[in-house]
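Visitor: This structure is in structure tokens; I'll ask about it shortly.
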Amino acid sequence: MYHQTTKPLYPLANYLSFKHFSPTHKAFLTSLNTTTTPTTLSEALGDKKWKQAMDAEMEALEKNGTWDLVNLLNGKKPVRCKWVYTIKYKADGSIERYKARLVAKGFTQIYGVDYMETFAPVAKMNRVRVILYLAANYGWNLQQFDVKNAFLHGEI
68 MYHQTTKPLY PLANYLSFKH FSPTHKAFLT SLNTTTTPTT LSEALGDKKW KQAMDAEMEA
128 LEKNGTWDLV NLLNGKKPVR CKWVYTIKYK ADGSIERYKA RLVAKGFTQI YGVDYMETFA
188 PVAKMNRVRV ILYLAANYGW NLQQFDVKNA FLHGEI
């Protein structure tokens, strides 16, 4: 079984020389090497920052009406869930925010038994390339942003 520890297994300094980086990049690389993400719920609950991130995720899930609480049908098993933790960084390498996501363990489902169809709405790379091409040719300004919580509006 794969087990990840919160201590960096491979410190960047063992593989990377910092002497050619700008001070901003050095700060960013150092922050990558010193910040850790929890791998268990108990680790996360022991840190106020991660607890706040989990509270924000739960608030967003409730606000968006992501689920309804129902009784489990006889003979059916619930799809379990898991917390996934990520640190979002600003361009200068400083920490922007701590992000916690509650994800379903969909791999426990069986096609035709637990579900009939799957959907994964993602941008196709050829469409992204077309937009970048148009922006470059017409001198358009592009901006990147991060959506905290994205939900599709439709019946599940």
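Quick note, the sequence shown lines up with residues 68 to 223 if you use this note's numbering.
Just so you know, even glycine gets a beta-carbon here, dropped at the ideal spot from N, CA and C.
Could you check whether the Cβ of Lys-130 sits closer than 7 Å to any heavy atom belonging to the ligand PLP?
Guide: The ligand PLP is not among the ligands present in this structure, which contains no ligands whatsoever.
Visitor: To the nearest angstrom, how far is it from the Cα of Glu-129 to the Cα of Phe-212?
Guide: Rounded to whole angstroms, Glu-129 to Phe-212 spans 23 Å at the Cα level.
Visitor: Let me make sure I understand the geometry here. Which of Ile-154, Val-170, Leu-112 and Glu-163 has the alpha-carbon closest to that of Trp-134?
Guide: Of Ile-154, Val-170, Leu-112 and Glu-163, the residue nearest in Cα terms is Val-170.
Visitor: Note down the Cα distance separating Val-195 from Leu-201, rounded to an integer number of angstroms.
Guide: Spanning the two alpha carbons is a distance of roughly 10 Å.
Visitor: According to DSSP, is Ala-171 part of a helix, a strand, or is it coil?
Guide: Ala-171: strand per DSSP, three-state reduction.
Visitor: Alpha carbon to alpha carbon, how far is Ala-120 from Gly-221? Give it in angstroms, no decimals.
Guide: With a pLDDT of 49 at Gly-221, under the threshold of 50, the modelled position of this residue cannot be trusted; read the value that follows with caution. Taking the straight line joining both Cα atoms gives about 26 Å.
Visitor: Tell me, to the nearest whole angstrom, how far the beta carbon of Ala-167 is from that of Tyr-152; I am working on the premise that it is less than 8 Å.
Guide: Contact holds; Cβ gap of about 5 Å.
Visitor: Please state whether DSSP places Thr-104 in a helix, a strand or coil.
Guide: Note: Thr-104 maps to coil in three-state DSSP.
Visitor: Taking only the alpha-carbon atoms, compute the straight-line gap between Trp-117 and Tyr-165 and give it to the nearest angstrom.
Guide: The straight-line gap from Cα to Cα measures roughly 6 Å.
Visitor: Could you round the C-beta distance between Leu-139 and Pro-145 to whole angstroms and report it? I think they count as a contact, below 8 Å.
Guide: Between Pro-145 and Leu-139 the Cβ distance is about 6 Å, and since that is below 8 Å, they are a contact.
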